[in-house]
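This report concerns only the one structure given below.
Chains as they are written, first to last, in the working numbering: chain A, 3 to 183; chain B, 1160 to 1578.
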């Protein structure tokens, strides 16, 4: 591959990553604050109102949670936060590690394409299933999962491009605050 | 069908594919191989996990911990722990242990604890004359106390797979956490006496110690507030987690005055990422769990164990050995989510309380976080101490012995976890 094509491809993947990161961070912040406000107001309402809280207090957060989760999943792919067993990877040389990572990324991309098609198909069907209080369709949650799989595919693809062009050292290293053990 | 699942999962793990993805892909491969079941089961199972109201507690407990420890309160806690332990022989080492207990009341992650405490305390301990491998071993092992003291993320995950009350699990985690801390403090004291380590800093007066305790009080009260809130039924675990965030925000804004929009934003994004990591594993484990249940693996496993090992004492021992082995290569959350659905029915057949089982699992898999050759807190601590894995491992065994003793007590004395 020519140097200019390599530079263009790397710049493009960085641009895609930047866009995905800003989008997901915005979603996490917005939904996180909304969940915080909803759940707090329900605790207050439970003790302040005779009705014992808002009827939608469980329903609405549950509908918002998939959006928050999928944005977090995509961000974690970018930051290398998802836990993996890297024993074999550590045993390999640079080229072997690059090949192993590329095979792994390819499997993830293909699998999520198949999964995404299934999720979007199911989302259309689940539009008829509505929540009891607000009447929100379940399809919202499925669309959130579907968009999440698209983001996972995009971020895994940009990671794969960087690993192919730069090497295994292009893999992100997670910070301790992003680990949950 | 389950064998295909296990084989696919193993191959994907060896390819260094993240556990969450590996679980989902392995389940997809299994369903495709079986041919009769639709792939939409994966989508349905993934979606169902996102509709769990109790799981909403996860991001907010993480956010509360991040908000509290990221500011001045974290420094106050550390100052209190170090000065409180200065009076003891081996005090600098014990500081890590005590700090793990007090940080455990705010955070719920051993890895974050090992990193946060290690980066401040290990260089300080080395300057006081303690060898780097000992500091690393002490830091790696003490970090596990964090996941036993409420709020504990692994215990929340266990409640998901076992349907045990989070309040019961949080209450049950306190005593083993404190026993582990007590054992480590005594060990640090013994090591310091045996090797002749003397603290370079003079102990502070009682008045100064009382002042530091007062400054740290808001954080020290957090686990008490959480437990009281849950026990008195003031709010659900999810709402308690949200209230913990508000508590952290009020403290940062009003008392410590160190909150900024940038810090809040960073903490929220961190919580979002950590939630994404754990929820992907939960979604993947749910699909795998569905396949295993469809194949009647938990029931058959329980029947097989019942027929092979009739003595409950040996069943618990076998569980512990398996957990120790699994905990070495596999991280704590996926191990809980994968083994929980298999162990809970097995525990029921031998009369083992699910709360006790939860503590055994978390404690055991927590030990896996520093058991060589793979261990996250072991790697982090060794790296911060700038020593080698081999040297740290040599110092690790006495701490490992204390942890195993606590594990055995938790495994065979139910009164220590069920009260």
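Ideal Cβ placement from N, Cα and C applies to all residues, glycine included.
Go through its chain and collect everything with a Cβ distance to residue i's Cβ below 7 Å, but skip five positions before and after it.
| i | result |
| --- | --- |
| residue 1486 of chain B | 1494, 1523, 1524, 1526, 1527, 1530 |
| residue 1228 of chain B | 1262, 1265, 1266, 1275 |
| residue 1137 of chain B | Since the first residue of chain B shown is 1160 and the last is 1578, residue 1137 of chain B is not available in this structure. |
| residue 154 of chain A | 75, 76, 79, 114 |
| residue 1245 of chain B | 1358, 1360, 1362, 1363 |
| residue 1181 of chain B | 1168, 1171, 1172 |
| residue 1368 of chain B | 1242, 1243 |
| residue 1553 of chain B | 1292 |
| residue 1249 of chain B | 1347, 1348, 1350, 1351, 1356 |
| residue 129 of chain A | 139, 141 |
| residue 156 of chain A | 18, 22 |
Roughly how many angstroms separate the alpha carbons of residue i and residue j, rounded to a whole number?
| i | j | result |
| --- | --- | --- |
| residue 1331 of chain B | residue 1440 of chain B | 25 Å |
| residue 1545 of chain B | residue 1422 of chain B | 30 Å |
| residue 1519 of chain B | residue 1570 of chain B | 6 Å |
| residue 106 of chain A | residue 1170 of chain B | 10 Å |
| residue 170 of chain A | residue 96 of chain A | 7 Å |
| residue 1272 of chain B | residue 1411 of chain B | 20 Å |
| residue 60 of chain A | residue 1342 of chain B | 43 Å |
| residue 145 of chain A | residue 138 of chain A | 13 Å |
| residue 1455 of chain B | residue 1280 of chain B | 49 Å |
| residue 1549 of chain B | residue 162 of chain A | 34 Å |
| residue 1463 of chain B | residue 1316 of chain B | 27 Å |
| residue 1354 of chain B | residue 1565 of chain B | 25 Å |
| residue 1370 of chain B | residue 1232 of chain B | 14 Å |
| residue 1253 of chain B | residue 1483 of chain B | 26 Å |
| residue 1174 of chain B | residue 1383 of chain B | 44 Å |
| residue 39 of chain A | residue 25 of chain A | 21 Å |
| residue 12 of chain A | residue 164 of chain A | 7 Å |
| residue 1427 of chain B | residue 73 of chain A | 12 Å |
| residue 135 of chain A | residue 1547 of chain B | 59 Å |
| residue 119 of chain A | residue 1479 of chain B | 42 Å |
| residue 1538 of chain B | residue 1305 of chain B | 17 Å |
Going by C-alpha distance, which of the options is nearest residue i?
| i | options | result |
| --- | --- | --- |
| residue 1239 of chain B | B:1248, B:1484, B:1256, B:1217 | B:1256 |
| residue 1234 of chain B | B:1278, B:1473, B:1427, B:1162 | B:1278 |
| residue 35 of chain A | B:1420, B:1460, B:1576, B:1353 | B:1420 |
| residue 1560 of chain B | B:1305, B:1301, B:1184 | B:1301 |
| residue 1282 of chain B | B:1509, B:1200, B:1540, B:1311 | B:1540 |
| residue 84 of chain A | B:1543, B:1432, B:1566, B:1565 | B:1432 |
| residue 1415 of chain B | B:1542, B:1174, B:1376 | B:1376 |
| residue 1435 of chain B | B:1221, B:1193, B:1578, B:1195 | B:1221 |
| residue 127 of chain A | B:1199, B:1365, B:1386, B:1366 | B:1199 |
| residue 1562 of chain B | B:1252, B:1189, B:1339 | B:1339 |
| residue 124 of chain A | A:26, A:47, A:142 | A:142 |
| residue 100 of chain A | A:130, A:5, A:32, A:167 | A:167 |
Would you call the CB atoms of residue i and residue j closer than 9 Å?
| i | j | result |
| --- | --- | --- |
| residue 1160 of chain B | residue 1501 of chain B | no |
| residue 1324 of chain B | residue 1503 of chain B | no |
| residue 1395 of chain B | residue 1513 of chain B | no |
| residue 41 of chain A | residue 1437 of chain B | no |
| residue 1187 of chain B | residue 1201 of chain B | yes |
| residue 159 of chain A | residue 15 of chain A | yes |
| residue 1458 of chain B | residue 1356 of chain B | no |
| residue 1489 of chain B | residue 1163 of chain B | no |
| residue 37 of chain A | residue 67 of chain A | yes |
| residue 70 of chain A | residue 30 of chain A | yes |
| residue 121 of chain A | residue 89 of chain A | no |
| residue 1309 of chain B | residue 1568 of chain B | no |
| residue 1258 of chain B | residue 1236 of chain B | yes |
Cutting at 8 Å between CB atoms, please list the residues of its own chain near residue i, excluding the five before and the five after it.
| i | result |
| --- | --- |
| residue 132 of chain A | 138, 139, 140 |
| residue 1285 of chain B | 1291, 1294, 1544 |
| residue 1408 of chain B | 1226, 1418, 1423 |
| residue 1404 of chain B | 1219, 1222, 1223, 1226 |
Excluding the five sequence neighbours on either side, which residues of its own chain have a C-beta within less than 6 Å of the C-beta of residue i, listed in chain order?
| i | result |
| --- | --- |
| residue 1303 of chain B | 1269, 1525 |
| residue 1555 of chain B | 1296 |
| residue 1535 of chain B | 1270, 1528 |
### Query
What runs of the alpha helix (DSSP H), each 4 residues or longer, lie entirely inside the stretch 1213-1264 of chain B?
Those alpha helix (DSSP H) runs which fall completely within the stretch 1213-1264 of chain B and span 4+ residues are 1216-1229, 1231-1244, 1250-1263.
### Contained alpha helix (DSSP H) runs [length at least 4] in the stretch 1482-1532 of chain B, N- to C-terminal order
Complete alpha helix (DSSP H) runs here, min 4: 1491-1509, 1513-1527.
### Task
Entirely within the stretch 1282-1314 of chain B and at least 3 residues each: give me those beta strand (DSSP E) ranges in chain order.
Entirely contained in the stretch 1282-1314 of chain B, not one beta strand (DSSP E) run reaches 3 residues.
#### Entry: alpha helix (DSSP H) runs wholly inside the stretch 108-157 of chain A, at least 4 long, in chain order
Runs found: none.
### Task
Starting from the N-terminal side, write out each stretch of the alpha helix (DSSP H) that is 4 residues or longer and does not extend beyond the stretch 27-81 of chain A.
Fully contained in the stretch 27-81 of chain A are the following alpha helix (DSSP H) runs of length 4 or more, in chain order: 61-81.
#### Entry: Contiguous alpha helix (DSSP H) assignments of at least 4 residues, all confined to the stretch 1350-1380 of chain B
Segments of the alpha helix (DSSP H) lying fully in the stretch 1350-1380 of chain B: 1365-1379.
### Query
Which full runs of the beta strand (DSSP E) of 3+ residues lie inside the stretch 1382-1466 of chain B, going along the chain?
The beta strand (DSSP E) runs lying completely inside the stretch 1382-1466 of chain B and spanning 3 residues or more number zero.
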